[in-house]
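Below you'll find the structure, written out as structure tokens, and then a few comments.
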Amino acid sequence: MTPAARIQAAIEILDAIAAAAREGGAPADAIFAEAMRARRYAGSKDRRAIRAHVYDAIRAVRSAPASGRAAMLALADAQPDLAALFDGSAYGPAPVSADEPRAETGLAAQALVDLFDPLVEEPEQEAMLARAPLDLRANRIGANRDDLASLFPAGEAIAGAPDGWRLPPETAAIQHPAYAEGRFEVQDAASQYASAALDVAAGQAIVDLCAGGGGKTLAIASLTGNNAEILACDTNRPRLQQLPPRAERAGATRIETRLLNPGQEPVMLSDWHGKADRVFVDAPCSGSGTWRRSPELRWRLTPARLERHLADQAKLIDIGADLVAPGGKLLYAVCSIITREGRAQVDEFLNRHQGWTADTGYLPGGIGRAAGSGFLLTPGRDGCDGFFLARLTAPC
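Position in the sequence shown (first residue = 1) + 41 = the working numbering.
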């Protein structure tokens, strides 16, 4: 493909990504993969170049653009070499016409920025769109961080995460045989901190209420040395089905999965009411803390979608609380930097549930900042995804 043809392909893919963002469709990575399958003539260099154009535009443009062309033109204004490729050549983009509209650039729409936790001040906002490193977590059932250091000497230890090892972005770690052997998982440092904050131990009964594909469930199994009873739940069948083969690879043999029907969670979990020593509620959210990895999430968040997330979060934290044994603990977490999903959500929970208390001092020194009754982690300060977490103790 010519350089101009690559630009035109990126424009067409951006059109599809922007439409999916507005309509709640497939994520950008899935759309890009499908687009490349439809362009089998594109070689590996073409695919890398097109992907770079697409994601450079997504990171630059603050909200879903009117068109992929408007997004690429916003990039071209700052890159003369890119602008020169709008030359009308075969398979390339048409020349730029006078006063042609450009997409707006920036971190995010101001209405969205206004929702950030007050701790997320402007000087650290740039880090929210920087390329994220690849973080690994050693599986204690069969490895440790020293093993990761031997396998990937180009990496470095993650501060405050005893099992964590950090590699440069896009390192092909999962292609290493040690991954197939279950010796490590790919897991951002924020998720590692959250899993450790649950304060699990061998012999406990633990519920991961929003397990998804099981990343944190496997971290819990690792932290307990495969010696705790773990129930992993979710309402999303395809995601939950990813967990059993992952658990088998990791040697985590004491995980039960349970698919829940939306609206019927309390009934379907009645056998666990008041019995769990620990409950993890990693609730669905805006994903505003993960823009480094999924920058198109800025394009997807609308007031209506945020309200749905807030309602789900309140429902799930209440369901989780009913499962906790007297004196047990619940960890509420969201990969979000939005106040209403974090500190405000926990404040409302504590108002609804008299006798519950918020814990302190459960994060490694220097990690996170106090945010109401919980803690906020951010890319700029903590070098990990944006995350809010709060550990709550049930009354005895």
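Note that beta-carbon positions come from the ideal geometry of N, C-alpha and C, so glycine has one too.
- Around the beta carbon of C437, fewer than 16 other beta carbons lie within 10 angstroms, which makes this residue exposed.
- For A117, the enclosing alpha helix (DSSP H) covers residues 109-117.
- Boundaries of the beta strand (DSSP E) around F225: 225-227.
- Classified as exposed, R346 has fewer than 16 neighbouring CB atoms from the shown chains inside 10 Å of its CB.
- The shortest C-alpha to C-alpha distance from A243 to any of G201, R295, L250 is the one to R295.
- Judged by pairs of C-beta atoms under 8 Å, the stretch 146-161 does not touch the stretch 232-251, as fewer than three such pairs exist.
- Contact between A107 and N180 fails: their C-beta atoms lie close to 46 Å from each other, not under 8 Å.
- Taken through DSSP and simplified to helix, strand or coil, T380 comes out as helix.
- In terms of Cβ geometry, G201 and P420 do not form a close pair [threshold 9 Å].
- Pairing G266 with K370, the inter-Cα distance amounts to about 20 Å.
- With respect to T298, P285 sits close: the two C-beta atoms are nearer than 9 Å.
- From the listed residues C274, Q245, A237, the smallest Cα separation to G254 is found for C274.
- Contact check for A269 and I247: beta-carbon distance about 5 Å, within the 8 Å limit, so the pair qualifies.
- Assignment of F390 by DSSP, reduced to helix, strand and coil, places it in the helix class.
- The beta carbon of A221 lies closer than 8 Å to those of R290 in the same chain, with the five residues before and after it left out.
- Secondary structure note for V95: its alpha helix (DSSP H) is the uninterrupted segment 85-101.
- Excluding the 5 residues flanking it on each side, E382 has same chain C-beta neighbours closer than 6 Å at C326, V375, in chain order.
- About 43 Å separates the beta carbon of D140 from that of C425, a gap too long to meet the 8 Å contact definition.
- Per DSSP, the beta-bridge partners of C274 are R299.
- The C-alpha of A105 lies about 14 Å from the C-alpha of Q151.
- With contacts defined as CB atoms closer than 9 Å, K257 and F193 fail to qualify as a contacting pair.
- In the structure shown, the three-state DSSP call for I247 is strand.
- Contact between L264 and P209 does not hold, since the beta-carbon distance rounds to 27 Å and is not under 8 Å.
- Of Q49, F429, F127, the smallest CA-CA separation from I379 is found for F429.
- Taken in chain order, the unbroken stretches of beta strand (DSSP E) that lie wholly in the stretch 145-224 and span 3 residues or more are 175-179, 205-208.
- Counting C-beta atoms within 10 angstroms of its own C-beta, T331 has 16 or more neighbours from the protein chains shown and is therefore classed as buried.
- The beta-carbon distance between L123 and A117, rounded to whole angstroms, is 5 Å. This is short enough to meet the 8 Å contact definition.
- Closest in C-alpha terms to P142, from the list W397, R224, P303, M113, comes M113.
- For G415, DSSP records a beta bridge to A412.
- Residue environment for A262: buried (at least 16 other C-beta atoms within 10 angstroms of its C-beta).
- Residue environment analysis places S329 among the buried positions, since at least 16 neighbouring C-beta atoms fall within 10 angstroms of its C-beta.
- Non-local C-beta neighbours of P44 in its own chain, meaning closer than 6 Å and more than five positions away in sequence, comprise L126, ordered along the chain.
- Per DSSP, reduced to three states, the secondary structure at F127 is coil, with no helix or strand assignment.
- DSSP places K370 in the uninterrupted beta strand (DSSP E) bounded by 365-375.
- For L433, the enclosing beta strand (DSSP E) covers residues 428-434.
- For the set G109, A60, R432, A252, the Cα lying nearest the Cα of A50 is the one of G109.
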